[in-house]
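A.B. asks:
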Amino acid sequence: MEIDLKNIDTFDFTKEVENARRTEITIFYEGKNITKEIHSQLTSCSQSDSINQLDTLELTLENRDMLWISSWMPQKGETLKALLTLKHWKKDLEIITHDMGLFYIDTVDFSGPPDVVNIKAISFDIASDIVDKKENKVWENVTFKTILNEIANKRKIKAICDISFNRKYKRIEQKLQSDFDFLKKLSEEAGINLKLFDNKIIAFEEEEYEKKMLKRFF
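If you read the sequence shown in my numbering, its first letter stands for residue 82, the second for the next number, and so on.
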């Protein structure tokens with residue numbers, strides 16, 4: 082931003098500050114918006130976008146009043162949802178909201194002094210059958226898409242398959258593997274990437290995924 086010093090008396094500083102680029106984060110816990118309650122305590126919020134692993138969401142908060150080890154103590158498996166809002170990012174008055182998805186609390190760690198709580202959540206419930214339950218099954222005369230869709234239907238989640246080559250299998254065995262681990266193995270062998278989040282399982286090729294992400298953000 083450049084300021085014309087000749088017209089400094091008519092320069093609207095308030096408007097420029099209001100229209101400055103900024104980000105805002107909105108946090109939901111078990112479906113309830115808790116942003117106001119934790120605003121003064123939240124020191125960082127980060128998300129890792131992982132391929133062939135579960136995505137993670139991490140919150141770091143001050144715990145000086147010890148609320149997080151008493152009445153506010155979160156429990157494993159409870160849900161967090163985060164919305165990232167970009168204001169005036171590309172042009173004045175433009176607002177972009179990015180839904181970071183639904184996450185399930187996995188670990189709660191405390192450290193200090195100063196007293197700090199770190200909450201780590203993952204993009205799928207690790208107690209769900211697709212991640213946790215070991216299966217034995219023989220598949221014959223099927224394609225990768227067929228296996229993916231059948232598992233998704235069985236686990237009542239949405240399957241998205243965005244691949245150019247649909248590998249065929251004459252016979253393949255799933256031996257004491259969770260459905261997610263089995264699909265990861267097939268994906269890695271076929272050069273496909275897999276993501277499990279927000280009640281969806283997505284198979285995609287990394288190059289095409291990167292092109293779409295670039296188009297989406299730029």
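Every residue gets a Cβ at the ideal spot worked out from N, C-alpha and C, and that includes glycine.
(1) Using only the alpha-carbon positions, how far apart do F225 and K239 sit?
(2) Taking the CB atoms as reference points, tell me whether F109 and L165 lie closer together than 8 Å.
(3) Please indicate yes or no: does the CB of I150 lie closer than 7 Å to some heavy atom of the ligand NAP?
(4) On the three-state DSSP scale, how would you describe T95?
(5) Rounded C-beta distance between N133 and S245? I'm assuming under 8 Å.
(6) On a Cα-Cα basis, can you pick out the residue from I150, I186, P194 and Q258 that is closest to N217?
(7) If you draw a straight line from the C-alpha of A271 to the C-alpha of R248, how long is it?
(8) Can you name the start and end residues of the alpha helix (DSSP H) that D213 belongs to?
(9) Check the C-beta distance from L140 over to W149 and give it rounded, since I have them as a contact under 8 Å.
(10) What's the gap between the Cα of Q208 and the Cα of F184?
(11) Can you look up F298 in the DSSP assignment and give me helix, strand or coil?
(12) Could you check which residue in I186, I282 and I106 has the C-alpha nearest to that of L167?
(13) Going by C-alpha to C-alpha distance, which of K276, S152, H120 and Y250 sits closest to D243?
(14) Does DSSP classify K226 as helix, strand or coil?
C.D. replies: On the basis of the supplied data:
(1) 15 Å
(2) no
(3) Ligands in the displayed structure: none, and consequently the ligand NAP is not present.
(4) Any reading at T95 needs caution, since the residue's pLDDT is 47, under 50, leaving its predicted position unreliable; the model's value is listed next. In the three-state reduction of the DSSP assignment, T95 falls in the helix class, which pools H, G and I.
(5) Actually they do not touch by this definition, with Cβ atoms about 19 Å apart.
(6) Q258
(7) 7 Å
(8) D210 to D213
(9) Actually they do not touch by this definition, with Cβ atoms about 10 Å apart.
(10) For clarity, residue 208 is Ala in the given sequence; the question names Gln instead. Each residue's Cα considered, the two are about 13 Å apart.
(11) In this predicted model, F298 has a pLDDT of only 35, less than 50, meaning its place in the structure is not dependable; the value taken from the coordinates is given anyway. Looking at F298 - three-state DSSP - the assignment turns out to be helix.
(12) Taking L167 as reference, the option from I186, I282 and I106 with the minimal CA-CA separation is I106.
(13) K276
(14) helix
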